[in-house]
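Some notes on the structure that comes next.
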Amino acid sequence: MGSPFSNAKLAAPLFAIQAKTGLKGNIRPPGDKSISHRSLLLNAMAVGHSCVTGLLEGEDVIDMAKALRQLGATIERREVEASIEWHIDGVGVQGFQEPENILNMGNSGTAARLLAGAIAGCRNFAVMTGDASLRSRPMARVTEPLTMMGAQFWTRSNGRLPMAIRGAANPMPLDFTSPVASAQVKSALLLAGLAAPGETRIVEPVMSRDHTERMLSRMGATIQSGLAIGENGWEVRLVGQPELCAIDVDVPADISSAAFPMVATLITPDSEVRLNHIGLNPARAGLVTTLQEMGGDIEVVNTHDVGGEPVGDILVRTSTLKGIDVPPARAASMIDEYPILAIAAAAAEGQTRMRGIGELRVKESDRIALMAEGLASAGVKVTESDDELLVTGSSHIQGDCTVSTALDHRIAMSFLILGLISKHPITIDDSSPISTSFPSFQALMASLGAEFGKPKQ
Ligand code: S3P
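Just so we're aligned: 389 in this note's numbering is position 379 of the sequence shown, and the numbers increase by one with no gaps anywhere.
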């Protein structure tokens, strides 16, 4: 019998070949996943026509596009000379139609949760499901507050997908304090709040990524954020029922994808790589600070603004890294980067302690458990607790193991990177989930000089 996470597609094991010569080159990683989702969804909820360039064409975003078409938005991919454009005709806030069939959100928590919020504000019925990983993830964090706004949800036990949604006929604004710093929760509530009269206010313990707020503001919504007065945390206030104007978006490259070649370059001898046009939103850039604190030779140059988001190029060179303590307050700004940080930590001198990372247990997989298991099998000393990971670095990574990835793209890419410096190969049991966020991973890494192999069956 297969594991509960076995993929419907054929598993594609893969390993990296130890990089004997350094990684060198100049690349632009694919478009930011969070901004890509929002550029399609928010433009679908706006009035007018928009054009998105630089969109991530990973499976997660494609699943979002398919669902939006089922909800009545017109979304078209056009190849114009050498570039690809995505054209959207929005239906307006509350304009989604009842989908005729089930919405399949694949592996994407962002697509599922943001759409749950958008649908909650429309007077119609929809059913949503996803792959084995997504069907195991908690949805109550969005369904409970969205219920307070007037929507109804029917989920499987423990608030898991599949779920049915009946949107609110007359959504009410919400004043909600979220126990977790989650941009998915915040965005879902803001999207439902667009349909409610009056002000929706959300407080989160620490500011999470604010791409939704930036984009809504550019579309003409009245939205403000800042430290919550008299409360610990970050507050966002949105005035409901705006006329959202469609906007063109140039999606910057994803810092969460750039993180893989960045760490690969730091830990591979004789390497020097330039990562171009990377989104550097401060709510996303915690990994750069952390790696610099570890002694990483990382320089950010050519910073400028692209459509309300800071963007720049990152120069990285091989470095001797040392272990550090990564504080809980930094977790939100690098929440997706802990798997690859754990790889940098494995190659560093001394211990790296990652604190306040309990949210990692409910990502595409339980990332604390899978990183600990994979690192231990590669011969790295590691201990985990509820919300911490402690990695003791070494200049000698044994490898010679097969790592379980449980449909988690970031676990898969992280262990391929560790395999670049391990004495014996590290095989990942399945590389296919990488295409959810970084379909060109192997090709871009190969252009820098990394080689991969498929194990003989
Ligand atoms: C995302 C928010 C984060 C992140 C995810 C993308 C987003 O999730 O882990 O990959 O685009 O809003 P949480 O909101 O669960 O922290």
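For every residue, glycine included, the Cβ atom is placed at its ideal position computed from N, Cα and C.
- Residue state for Phe425 is assigned as helix, using DSSP reduced to three classes.
- Across the structure, Ala29 and His406 are spaced so that their CA atoms are roughly 14 Å apart.
- Ile239 counts as exposed, since fewer than 16 other C-beta atoms from the protein chains shown sit within 10 angstroms of its C-beta.
- Within the stretch 52-104, the complete alpha helix (DSSP H) segments of 4 residues or longer fall at 69-80, listed in chain order.
- Annotation: Glu91 to Ile444 spans about 28 Å, alpha carbon to alpha carbon.
- The beta carbons of Met344 and Gly296 sit closer together than 8 Å.
- Within its own chain, the residues whose Cβ lies closer than 7 Å to the Cβ of Asp280, once the five positions on either side in sequence are excluded, are Thr31, Gly32 and Thr328, listed in chain order.
- With 16 or more other CB atoms across the displayed protein chains lying within 10 angstroms of its CB, Lys196 is buried.
- The stretch 377-392 and the stretch 406-425 touch, with three or more beta-carbon pairs separated by less than 8 Å.
- Under the criterion of beta carbons closer than 8 Å, Ile85 and Ala75 qualify as touching, at roughly 5 Å.
- For Lys433 and Gly409, the gap between their C-alpha atoms comes out near 6 Å.
- Distance between Thr157 and His221, taken at the CA atoms: about 24 Å.
- Residue range Gly119 to Ala130 is occupied by the alpha helix (DSSP H) that includes Gly127.
- Per DSSP, the beta-bridge partners of Asn36 are Arg284.
- Under the three-state reduction of DSSP, Ser395 is assigned to strand.
- Residues Leu33, Ser281, Val283 and Val326 of the same chain have their beta carbon placed closer than 6 Å to that of Thr275, with the five preceding and five following residues left out of the count.
- Residue list for ligand 1: Ser44, Thr120, Ser192, Ala193, Gln194, Ile345 and Asp346 (CB closer than 5 Å to any heavy atom, chain order).
- Under DSSP, Asp323 shares a beta bridge with Val311.
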